[in-house]
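S.K.:
Protein chains: 2
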Amino acid sequence: MTAAHAARHAVDDWRKAIGPEHVCVEDERLAAAATATFATTQRVSAVLRPANTAEVQECVRIAGRHRVPVYPVSRGRNWGLGSMVPTSPEAAVIDLSRMNHIVDFDETLAYLTVEPGVTFQQAHDFLRENNSNLFVAVTGGPPDGSLVGNALERGEGSGPYGDRAYHICGLEVVLPSGEVIHTGFRRFANADVAPLRESGVGPSLDGLFIQSNLGIITQLTVWLHPKPKFFDEFTCPVRDTADLAALLDAVRPLVLQGTIASHSFGFWNAYKLLAIRAGYPWTVMAEATPLNFRALHGRELWMASGALFTHSEQERIAVRAIVEEALAHLPQPPFFVTDEQRAQYPEPNSGLGEPTTANLRSAYWRKRGGAAYLFPAIDLDRDRCGVMWIHPTLPFIGEKVVKAAMLMESVVIECGFEPLIGMSCVSGRCINVYLCLMYDRDVPGEDQRAVACHDRVLRELIDAGFPPYRLGVQSMESIPHAEGAYEELLRTLKGAVDPHDILSPGRYDLRHLWTSDGAARA
Amino acid sequence: MTAAHAARHAVDDWRKAIGPEHVCVEDERLAAAATATFATTQRVSAVLRPANTAEVQECVRIAGRHRVPVYPVSRGRNWGLGSMVPTSPEAAVIDLSRMNHIVDFDETLAYLTVEPGVTFQQAHDFLRENNSNLFVAVTGGPPDGSLVGNALERGEGSGPYGDRAYHICGLEVVLPSGEVIHTGFRRFANADVAPLRESGVGPSLDGLFIQSNLGIITQLTVWLHPKPKFFDEFTCPVRDTADLAALLDAVRPLVLQGTIASHSFGFWNAYKLLAIRAGYPWTVMAEATPLNFRALHGRELWMASGALFTHSEQERIAVRAIVEEALAHLPQPPFFVTDEQRAQYPEPNSGLGEPTTANLRSAYWRKRGGAAYLFPAIDLDRDRCGVMWIHPTLPFIGEKVVKAAMLMESVVIECGFEPLIGMSCVSGRCINVYLCLMYDRDVPGEDQRAVACHDRVLRELIDAGFPPYRLGVQSMESIPHAEGAYEELLRTLKGAVDPHDILSPGRYDLRHLWTSDGAARA
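Protein sequences, first through last, are from chains A and B.
Following my numbering, the numbering of the first sequence begins with 6 at its first residue and continues without gaps.
Following my numbering, the numbering of the second sequence begins with 6 at its first residue and continues without gaps.
1. Scan the stretch 236 to 274 of chain B and note each continuous beta strand (DSSP E) run of 3 residues or more that stays entirely inside, going in chain order.
2. Answer with yes or no whether the minimum CB distance from B:C64 to chain A is below 8 Å.
3. Spatial neighbours of A:P485 within its chain, please: CB distance less than 7 Å, with the 5 preceding and 5 following residues excluded, ordered by chain position.
4. How many angstroms separate the CA atom of A:R446 from the CA atom of A:L440?
5. Under the assumption that A:I99 contacts A:I281 (Cβ atoms under 8 Å), give the Cβ distance between them as a whole number of angstroms.
6. Is the Cβ of B:C420 closer than 8 Å to any Cβ of chain A?
7. So for A:T288, helix, strand or coil by DSSP?
8. Taking the continuous beta strand (DSSP E) assigned at B:T497, which residues delimit it?
9. Which residues, in order along the stretch 463 to 478 of chain B, keep a beta-carbon less than 9 Å from a beta-carbon of chain A?
10. Flag B:H302 as yes if its beta-carbon sits less than 8 Å from any beta-carbon of chain A, otherwise no.
11. With 16 as the cutoff for other CB atoms within 10 Å, does A:F340 come out buried or exposed?
12. Among residues of its own chain, excluding the 5 on either side of A:E414, which ones have a beta-carbon nearer than 6 Å to its beta-carbon?
13. Rounded to whole angstroms, what is the Cα-Cα separation between A:V450 and B:R202?
14. Tell me which residues of the stretch 193 to 205 of chain B have at least one Cβ-Cβ distance to chain A shorter than 7 Å, keeping chain order.
15. In angstroms with no decimal places, state the Cα-to-Cα distance between A:N155 and A:T45.
16. List, in order along the chain, the chain B residues whose C-beta lies closer than 7 Å to that of A:L296?
17. Give the residues of chain B in contact with A:A250, contact being defined as C-beta atoms less than 9 Å apart.
18. Quick one, which residues of the stretch 19 to 37 of chain B are near chain A if we go by CB-CB under 8 Å, in chain order?
19. Using 10 angstroms around the beta-carbon of A:W273, count the other beta-carbons present and answer buried if the total reaches 16, otherwise exposed.
20. On the three-state DSSP scale, how would you describe B:Q126?
21. Can a CB atom of chain B be found closer than 8 Å to the CB of A:E158?
22. Examine chain A for any beta-carbon lying closer than 8 Å to the beta-carbon of B:T497, and answer yes or no.
23. Excluding sequence positions up to five away, which residues of its chain have a Cβ less than 6 Å from the Cβ of B:R20?
24. Classify B:Y350: buried if its beta carbon has 16 or more other beta carbons within 10 angstroms, exposed otherwise.
25. With 8 Å as the threshold, decide whether the Cβ of A:S217 is near any Cβ in chain B.
26. Taking 8 Å as the cut-off, decide whether the C-beta atoms of B:A247 and B:L335 are in contact.
27. For B:A22, which residues of its own chain have a beta-carbon under 7 Å away from its beta-carbon, when the five flanking residues on both sides are left out?
28. Going by beta-carbon coordinates alone, are A:T124 and A:P148 separated by less than 8 Å?
29. What residues from chain A crowd round B:Y513, counting only those whose CB sits closer than 8 Å?
30. Please report the Cβ distance between B:G403 and B:L306, rounded to the nearest whole angstrom; I am assuming they are in contact, meaning their Cβ atoms lie under 8 Å.
31. Can you list the residues of chain A that B:G1 reaches, using a CB-CB cut of under 8 Å?
32. If I measure Cβ to Cβ from B:I265 and keep anything under 8 Å in the same chain, skipping five residues before and after, which residues do I get?
33. Residues of chain B with CB under 9 Å from A:E359, in chain order?
34. Can you tell which of B:I395, B:H505 and B:Y513 has its C-alpha closest to the C-alpha of B:H71?
35. So, is the C-beta of B:V90 closer than 8 Å to a C-beta in chain A?
36. Within 8 Å (strictly less), CB to CB, does B:L132 reach chain A?
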């Protein structure tokens, strides 16, 4: 039986299993599902929209029977990293957006158990309607993005629980066999702590299902952080990239000792700041690209920002003083946003869990004809915004961060794009980088130029010792080469859990290293 | 070839591989290795003492060739949970205590990379010699216990990094195949962040090697916390077990919001407090057991204690005020230890990483003839101290904690022992329990009575919804029954990674659920 035959038979079975109206094979729908914010060649054979875990199980069992690959997405809003496009050349997408129930909520113990279709906006609205004092760490991405999807991609949010993959537990997983498991203490029928801690007793399996293709997550618990009595932000202008070093080396001890929380300190360069507020200055630039601040001004401005969570007026003053003292020696010391300034600020407070499209609008940077808010709803895939994220991770050492920033600046400019860079501290030990290549997919040749730039930057970063912590669907093959035994172990685990290789083939699985007989390449 | 033959051939090969002087088969040594702080029936066929990772690999390869099970221990100080006794009826113990090198240390990024033989005392001394401002969270266990062993058992320490399994990364693992892998970013030759974050790119495997039998950890990185400028402790007497509820419900928000850090709040009952300070009151009790405070006084006293880490005099005052205000409504509000009181306190400060035997001495509670400090060195195995830990985990809800405490109190007393109980907050969501059965192994019948008590308490806790988060070698079969697919997945992973089942058979692997054909029992 050919692959095409198998796919057709699978579609018939899926229709019976979840209802024909939830198995889409219309060309337009399939083309949309195969569209990302950069060039893709993958084909989507069907879009399945199961309503619940039992239907997901059925979809997977049918896929296994017909040996047809499936690619689950939570809401498909992985913009800049592949949207809902599969990692394999052809697959049926399992779109989990109908599974959008908030399954459990506890104000006292501060958690929310959700299905993959639950969005940031939905979670935020739910908490507000419940007069909750808790907030979910939100991203700079789309408010209708999935909480679960973000966690499983090792995405991050703002604030103490921003390192999201470490603030979830109790995964419900549909295995490639179609069976369901629950991780941690949730595998025991009556354990009170099931939503309260990650590890159970015995080995912890949660990590296996993050950035992987070993199971489909149909529920998980997200921990929520209480709103502080006072939320204070400070900002700190940085004159040039090299000057980041002194600032970072002064901030690091504050994060290590807990004065500043995880993902509560970040910094952005002028390209990024400008793109959030405006489109490309075509007129000023006389239609030329790229914009090059260093060539224009001889330097590259950055803005750093930190957030403090305090619980009394006295603590607020004390903690602020600690920060001010630690940063007082810098050429440009920090200034604190006053309550009055904050009240006048037009955007929602993403530091306290309010979703916003502010950052998203920057995706229209190189698009002519107006920014995103002119559209009824932002849709980067539809609007042919060219967006490619590159996500290296760096040690929290000023000199190293400057080295990485300089590398990104120069290579991206050389390739004809602007280096839109943001960074955020994961801990007092390391920093996540959000480098974005923004372009207009309607400009001929730009897709190709962007890929070439992406590949070159990523390779040079890896060579410099700064590997990526997250990849787009087009760059799964860019995972740096590791020791052979590690790659073989991953292959062994995949083979054991998914012997027919039906779940998201190629997703973070180092497939390019496999030999045809299934062993890892030496 | 019989199992005995295979074992003999393996011993020959091990002698060649690591030197005959490091393969012990003397009866006395084997008997010591098979001795725990409770009755055991396991036999140890040899004790291997490899010097480095390459020798560990050789030991494992030889074991695989001869199909002889091996059981690695870091230093074998898992007192109360099995010491160095294997989980299988017979095995060769791989004693990693010769691998006691501190491989890497970074004051700026606050980490220590260690081999399994590195002890808490050694790490502490090393940091002091290096005038470090960092500390490693220490346990109430032996100062010559292993940092690595503690992490891999999901043991805990005091202070913000007390939940140790979440503050390690970059594992070096010898797989059952004999091959070596490195987890997280450490698998890439040049990644700067290798010792700085747990997850790499793609699925995270660290959890697979914790409380498991899938690999032998020969190195890992432990994160260190900076010493605060001020370390303040408060204590809070609790009149009776039921009164814990109000205290806990008042403390929980302080932990959730970060005012009190993980493992910086705990509480102990009168039995535990007394045992740390004195032996069993044989005379007062006219030789009768058990001591029963509730029968004597009509109530059960507890003492709670919390620690605050602050970084300026002003912050110290502010944070202290937050705690005082939050707990002011309690019948017995907290009092803070003054600097003068602290200076006079005889014990090292375990809250700031100073190892101490204070807690350990309580293991001699029921031993006549003097407490531990009369011996040249504390050795619970040698001294036939009866010690069995029981470690359930509870939600951070006053009423639930009281329910669990009452259950433990009544069942243990009924069984004729004292319920020595300590508890510590893992987070604002859950609490770890340290229930200890202490007895004298020289009293005829006590070994059997203690096991019966242990099994009954554990079962009743599980039935009440409080499963264990850590088990002793004798209680691996007590893991509560979970859904079948989960157990089958664990079996699949073990089979894929260790097809000849040579590594620590029975360790946290739910073996009692396996059928003879290797599938999980339905």
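Quick reminder that beta carbons are idealized off the backbone N, C-alpha and C, glycines included.
Given the structure is predicted, the values throughout are model-derived calculations rather than measurements.
M.R.: This is what the structure holds:
1. 270 to 274
2. Locating residue 64 of chain B in the second sequence gives position 59, counting from the first residue. Closer than 8 Å: no.
3. Here residue 485 of chain A corresponds to residue number 480 of the first sequence, with the count starting at 1. Hits under 7 Å: I467 and P472.
4. Here residue 446 of chain A refers to the residue found at position 441 when the first sequence is read from its first residue. Here residue 440 of chain A refers to the residue found at position 435 when the first sequence is read from its first residue. In a straight line, the C-alpha of A:R446 is about 18 Å away from that of A:L440.
5. Numbered from its first residue, the first sequence carries residue 99 of chain A at position 94. Numbered from its first residue, the first sequence carries residue 281 of chain A at position 276. Not really, about 34 Å apart at Cβ, beyond 8 Å.
6. Mapped onto the second sequence, residue 420 of chain B falls at position 415. Cβ-Cβ to chain A under 8 Å: no for B:C420.
7. Along the first sequence, one-based indexing puts residue 288 of chain A at 283. Note: A:T288 maps to coil in three-state DSSP.
8. On the second sequence, position 492 is the one that residue 497 of chain B refers to. Careful: B:T497 lies outside any beta strand (DSSP E), inside the alpha helix (DSSP H) at G489 to V502.
9. I467, D468, A469, G470, F471, P472, P473, Y474, R475 and L476
10. Taking the second sequence and counting its residues from 1, the one referred to as residue 302 of chain B is at position 297. Chain A, which has no Cβ nearer than 8 Å to the Cβ of B:H302, makes this no.
11. Residue mapping note: residue 340 of chain A aligns to position 335 of the first sequence, counting from 1. Exposed, since its Cβ has fewer than 16 Cβ neighbours within 10 Å.
12. Mapped onto the first sequence, residue 414 of chain A falls at position 409. Hits under 6 Å: P424.
13. For the purposes of this step, residue 450 of chain A is taken as residue 445 along the first sequence, with counting starting at 1. For the purposes of this step, residue 202 of chain B is taken as residue 197 along the second sequence, with counting starting at 1. Before going on, a small fix: residue 450 of chain A reads as Gly here, not Val. Their backbone Cα atoms lie some 38 Å apart in a straight line.
14. F193, N195, A196, D197, V198, L201, R202 and S204
15. Locating residue 155 of chain A in the first sequence gives position 150, counting from the first residue. Locating residue 45 of chain A in the first sequence gives position 40, counting from the first residue. In a straight line, the C-alpha of A:N155 is about 22 Å away from that of A:T45.
16. The residue you call residue 296 of chain A lines up with position 291 of the first sequence. Residues of chain B passing the Cβ test: none, with the nearest at roughly 30 Å.
17. Counting from 1 along the first sequence, the entry for residue 250 of chain A is found at position 245. Those do not exist, as A:A250 stays about 13 Å from chain B at its closest Cβ, beyond 9 Å.
18. none
19. Here residue 273 of chain A corresponds to residue number 268 of the first sequence, with the count starting at 1. Flag for A:W273 reads buried.
20. Residue 126 of chain B sits at position 121 when you count from the first residue of the second sequence. Here B:Q126 sits in helix by DSSP.
21. Indexing the first sequence from 1 puts residue 158 of chain A at position 153. So no, A:E158 is outside the interface.
22. Position 492 of the second sequence holds residue 497 of chain B. Taking Cβ atoms only, chain A reaches closer than 8 Å to B:T497, which makes this a yes.
23. The residue given as residue 20 of chain B occupies position 15 in the second sequence. Hits under 6 Å: V28.
24. Position 345 of the second sequence, counting from 1, holds the residue named residue 350 of chain B. The residue is exposed, with fewer than 16 neighbouring Cβ atoms inside 10 Å.
25. To locate residue 217 of chain A, count along the first sequence from 1; it is residue 212. For A:S217, the answer is yes, since a Cβ of chain B falls inside 8 Å of its Cβ.
26. In the second sequence, counting from the first residue as 1, residue 247 of chain B sits at position 242. In the second sequence, counting from the first residue as 1, residue 335 of chain B sits at position 330. No, the pair does not count as a contact, with Cβ atoms beyond the cut-off.
27. Against the second sequence, residue 22 of chain B aligns to sequence position 17. Correct list, in chain order: E60, E63, C64 and I67.
28. For this step, residue 124 of chain A is matched to residue 119 along the first sequence. For this step, residue 148 of chain A is matched to residue 143 along the first sequence. Yes, these two residues count as a Cβ contact at 8 Å.
29. Reading the second sequence from its first residue, position 508 is the one you call residue 513 of chain B. Residues of chain A passing the Cβ test: V206, G207 and P208.
30. Here residue 403 of chain B refers to the residue found at position 398 of the second sequence. Here residue 306 of chain B refers to the residue found at position 301 of the second sequence. That pair is no contact at about 17 Å.
31. This structure gives no information on residue 1 of chain B, because the portion of chain B shown stretches from 6 to 527.
32. Mapped onto the second sequence, residue 265 of chain B falls at position 260. The answer, listed in chain order, is V256, L259, G311, A312, L313, V328 and C430.
33. The residue you call residue 359 of chain A lines up with position 354 of the first sequence. The contacting residues do not exist; A:E359 stays about 19 Å from chain B at best.
34. Here residue 71 of chain B is taken as the residue at index 66 of the second sequence, counted from 1. For the residues B:I395, B:H505 and B:Y513, the minimum Cα distance to B:H71 belongs to B:H505.
35. Position 85 of the second sequence, counted from the start, is the residue given in the question as residue 90 of chain B. No, its Cβ sits nowhere closer than 8 Å to a Cβ of chain A.
36. Stepping through the second sequence from its first residue, residue 132 of chain B is reached at position 127. No, its Cβ sits nowhere closer than 8 Å to a Cβ of chain A.
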